[in-house]
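What follows is one structure encoded as C-alpha cells, with my remarks underneath.
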Amino acid sequence: MGKPTSSRHNILIKQNYPLRFLIPAIAFLLVFFFIPTVLNFIYAFTNWSAFSKTISFNGLDNFITLFTSGTLLRDLRITLLYAIFVGIFQNVFGLALAVFLEKDTFINRLSRVLFFVPVIMSALAVGYIWQAILKSDGALNQILSAFSGHAVEIAWLGNINWTLLIVASIHGWKWMGLAMLIYLAGLKTIDPDVIEAATIDGASGSQLFWKIKFPLLAPAFTFNVATSLLGSMNGFDIVQATTQGGPGGSTEILNIFIWRTFGQGLYSQSTTMSLVLFVMVMVIAVPVIYLLRRREAKIL
Amino acid sequence: MKNNSAMKHIVTSTAVVATLSMLLAGCSNPTASSTDVDTSSADYWPKATQSLEGTTLKMWVPQAASKIPVNMVKEFEKATGAKVDVEVIPDPYEQNVQTKVTTGDAPNLALWQPTRSMLAGFIAQDKLQKLDNAPFVDNYTEGMAEAGGLVENTRYAALFGAPSVMGVFYNKQVFEKAGITNTPKNWDELVETAKKIKAANIDGVESPFFEMGGSQWGTQYSVQVQLAEAAKDGLWDRVNTGKEKFTDKTIMTAINNYKALFDEGLENKDAGSAKNDEQAAALWNGKTGMMIGIGVMFNMVAALANNDKAALDEKIGFFPISSKGNIGTIIPDANNGVVAFKSGDNAKDAAARQLINYWLSDGYEGFVKDQSAVSVLKTVDSSPDVPEALTDSAAAIKDGVGSMQSLAIGNPDLYINLADMINGTKTPEQVGQATQDQFAQLAKAQGASGF
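Chains as they are written, first to last, in the working numbering: chain A, 19 to 318; chain B, -4 to 446.
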C-alpha cells in the first residue's frame, strides 16, 4: 500500500465525491440566491409596480428619478456612516471583551455566555428593548434623573446629529459577542512560546498586546471587520425597531427606504435601490477584503 | 479544476436560461389576475344567513383592529355554518398585506383603508371583488355611502364603521382654565386659541398643542385639515392631473402655517421625538390643550380613561376645523372598511360577499353593541356608550370632504416629510418638493396623464 499518486488521489476524490452531490446545494443557491439576484438586475430597468398589469422595460428611468431626488444619495451616505460606526463599535467591544475574558476561569466562561446572548436574540427584540430604555421617559433617563437629582430628559433617539451613532452602537452591542468569540479563537491560536519569548525579552503589557497579539489576530480582524461592515450595510431591523429611520430621516439607512418604497407599491424603484445597494456593497467589500488579506499575508 | 469549470458552465447556462425566460415573460405582471362580473345579477349578493356549510373563509385584520370583527364573525359562523379564520397580520399592516398580496398570498376578506389611494394598487391588478348594488348601501346614513370605498363610481370596499374625521381633540378643563368658552371657527381662531392657552400659563399645561413627530404619522393632520375648502373646490383633481402641485401656494400655505405653530412655541418641546402614546397621555392628563388628529388617536386617550364614557365626556371634546371654517376632513381607515379579494373560486367569492352583507344587515345591531360603535346604518342606532367626541366627529361626516388619502390617486409619505421638518432636516419647501416627487412617481406608475 504505497502512497496514492496525485492523479490517483484526484480520481479517488472524483469517485467518492461525484459532482452530482453538489446538485442540492446548487439548486438552493440558484433558487434562493442566484435567480433573485439576476431578477433584481432585470426588474430595475422596468416599470414593475402594484398599479399596472403589465411590466415593460423603461431603460434608465428609475435610476434617473432616484438620483435626481436627494433621498437616495442621503440614505447611501447614512448607510455608509452607519456601517463604519457599527464596524468600529462591534470590533472595539468584541476585542475588548476577548482580551478581558481570555483566561479560562469560571467567571470568564460564564461572562462569555452572557455576552453572547444578544447575538442569538432577535434583532427586533433587541431594538425594542433599547428603544424602551432610551426613550425620553425611558429607563436610562430615569436612572440619570435619580442620580443627578433633577429631571433628565435627553432625547437619545431624537437627535438628528448623534442618534445614528447610538443606533449603530446598539447594532455593535448586539453583535459584539460574535466578534468576541472570533477574537477569542484567534487569541487561543497564538503560540504561548511567542508570548513567553516576548516576556523574557522584557516586553511590557501594552507592547505584548499591540506588537504581538494584535498583529497575530489579523485573520480574525479581517473576518470581523468585513462581516460587520457588510452586515450593517444590509441592516434594517434594529433601525426599524428603534427609530424607524427618524428623527428627520437622520437614521434612514437604505434598506428602510427600499422597504418604504416597496410598501408604496413602487416595486421597480425599490428593486433599483437594492441594485444600487448591491453595487455599493461590492465596491466597498472587494477593496476592503483585498487590503485586509494583503495585510494578513504581510504579517503571517 | 475540471469540477470548477463544469460548475461555471452550469451557472452560466442557468443564468442565460433564467434571463431569457424573464425577458420572454417580461410582459405580464405575475401578480395580476383578471375576469369580470355582473354585480347587478340577482344572485350576486347572497342572502345574509344562507347556509354556507363546509365553506372556509380567511380574513386578515391589523393588530390594532384584531378584535373588531371577532364576535360578528362568530355570529356569522353560527348563522351560516361557515368557518372564518381571522388572521392577525403584524404591523405595518398596509405594507405587509400589500407585500403578501403581491407575492400571491391573498385572503378572501381583509379590513382595509377604503380610500382611493390605498385601493388603487389592488384595483389596478384586478384583485378585488366589486361590491356594487349591495343591498345595504341604501341603508347608509347621510354621506356614508360616499365617505369611502368608491373609486371611479365603483364600490370596492364596504364601510362598516364611521370613518375618522380630522379635527381637534381638546381638553375641556384646559380650555376652561384658559377662559376659552367658544371653540374656534377657523384656522386663525384656532391659532389665537392656542396663543391664549400659552399666555394663560396654566399650571401643568406645557404646550397648547402636542405633536408626535417621533411616531411621525400624526403630523399630516394639521396640514390636511387646512385643505378642506380647497378639496371641496377640486384641489385633489388638479393634483391628480399634475395641474397643481404640493409645491404650489395652497398646500405650501398649509405647510407653512403648520411650521409656524412650532416657530411660535405652540407645540410641545419634544415634538420631534414624542410618540403617539405620549401624545394621548398629554391630552388626557392636561399637559396639553389640543391635538389635531383622528379617531384612532382619541381611542388611545379613551384607553387611558378605561373607556369610561362619563369621564371622557367631561374631559375631552372634539371640533372639526378647516382654513375658513369647521369643515371636517374625512379619512376612513382599516378600522372602518372591508374588502373582498377574488379567489378564483366563485362559491368562496360569493360567501365573502355574503359575510359583508350579513355584517351590514342581520349582524349589524349586534356588532354596534359589541363594539360600542357609531352606527353607519339608518336602521340601527349607535351604541349609547359612544363618547361625545366620537359622536361629534361622526356628525361632521355629513358636510365633510375627503382627505388626501381619499381623493388623491397616490398617498405620498407627507407625514414623514413633515416629521423631518419638525426635526429641522427639511424646510417647508423641501417638504413640498419631496412629497410632490413621490406623488409624481406614484401617479406615473399608475399611468396618470400629466406625469
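Glycine included, C-beta positions come from ideal geometry on N, C-alpha and C.
Query	Result
Supposed close pair residue 418 of chain B, residue 265 of chain A - CB separation, criterion 8 Å	4 Å
Buried versus exposed call for residue 18 of chain B [16 or more other C-beta atoms within 10 Å across all chains shown]	The predicted model places residue 18 of chain B with a pLDDT of 46, which falls under 50 and marks its position as unreliable; any figure quoted below should be read in that light. Per the 10 Å Cβ criterion, exposed.
Buried/exposed call for residue 83 of chain A, threshold 16 Cβ in 10 Å	buried
For residue 271 of chain A and residue 100 of chain A, believed in contact at Cβ under 8 Å, the rounded distance	5 Å
Cβ of residue 258 of chain B within 9 Å of any chain A Cβ	no
First and last residue of the uninterrupted alpha helix (DSSP H) at residue 296 of chain A	285 to 317
Length of the line joining the Cα atoms of residue 198 of chain A and residue 256 of chain A	20 Å
Three-state secondary structure assigned by DSSP to residue 352 of chain B	helix
For residue 145 of chain B, the three-state DSSP class (helix, strand or coil)	strand
Which listed residue (B/60, B/198, B/151) has its alpha carbon closest to that of residue 120 of chain B	B/151
Residue 438 of chain B burial status per 10 Å Cβ neighbour count (16 or more: buried)	buried
CB contact check: residue 101 of chain B to chain A, cutoff 9 Å	no
Beta-carbon neighbours of residue 280 of chain B, restricted to chain A and to distances below 8 Å	In chain order: nothing, as chain A lies at least about 13 Å away.
Cutoff 6 Å; reference residue 218 of chain B; Cβ partners in own chain excluding five residues on either side	249, 250, 253
Reduced DSSP category for residue 127 of chain B - H, G, I as helix; E, B as strand; rest coil	coil
As assigned by DSSP and simplified to three states, the class of residue 93 of chain A	helix
Coarse secondary structure for residue 43 of chain B, derived from DSSP in three states	coil
For residue 242 of chain B and residue 431 of chain B, the rounded distance between their alpha carbons	7 Å
For residue 136 of chain B and residue 372 of chain B, believed in contact at Cβ under 8 Å, the rounded distance	7 Å
Interface residues of chain A facing residue 437 of chain B [CB-CB closer than 8 Å]	69, 282, 283, 284
Interface residues of the region 246 to 274 of chain B facing chain A [CB-CB below 8 Å]	265, 267, 268, 269, 270, 273
Minimum C-alpha distance to residue 256 of chain B - residue among B/343, B/244, B/49, B/285	B/285
Beta-ladder partner(s) of residue 78 of chain B, from DSSP	B/51
9 Å Cβ cutoff, residue 128 of chain A in contact with chain B	no
Residue of B/93, B/54, B/85, B/89 minimising C-alpha distance to residue 79 of chain B	B/54
Residues of its chain near residue 32 of chain B, where Cβ-Cβ distance is below 8 Å and the 5 sequence neighbours each way are ignored	39, 124, 125
Beta-carbon proximity list for residue 106 of chain B, same chain, < 6 Å, skipping 5 on both sides	56, 60, 329, 333
Beta carbon proximity, residue 447 of chain B to chain A, threshold 9 Å	Within the shown structure, residues of chain B are numbered from -4 to 446, placing residue 447 of chain B beyond reach of any answer.
Simplified DSSP assignment, three categories, for residue 403 of chain B	coil
Neighbour flag for residue 20 of chain A against chain B, beta carbons, 9 Å	In this predicted model, residue 20 of chain A has a pLDDT of only 48, less than 50, meaning its place in the structure is not dependable; the value taken from the coordinates is given anyway. Residue 20 of chain A does not count as touching chain B.
Residue 130 of chain B classed as buried or exposed, judged by whether at least 16 other C-beta atoms fall within 10 angstroms	exposed
Residue range of the alpha helix (DSSP H) that includes residue 112 of chain B	111 to 119
Nearest neighbour of residue 449 of chain B, chosen from B/343, B/325, B/312, B/336 [CA to CA]	Here chain B covers residues -4 to 446 and nothing more, so residue 449 of chain B does not appear.
Three or more C-beta pairs below 8 Å linking the region 305 to 314 of chain A and the region 233 to 248 of chain A	yes
Alpha carbon of residue 22 of chain B to alpha carbon of residue 61 of chain A, nearest angstrom	Unreliable placement is indicated for residue 22 of chain B, whose pLDDT of 48 sits below 50; the coordinate value is still reported in the next sentence. Rounded to whole angstroms, residue 22 of chain B to residue 61 of chain A spans 12 Å at the Cα level.
Distance between beta carbons of residue 97 of chain A and residue 175 of chain A, contact taken as under 8 Å	The pair is not a contact, with the Cβ atoms about 18 Å apart (cut-off 8 Å).
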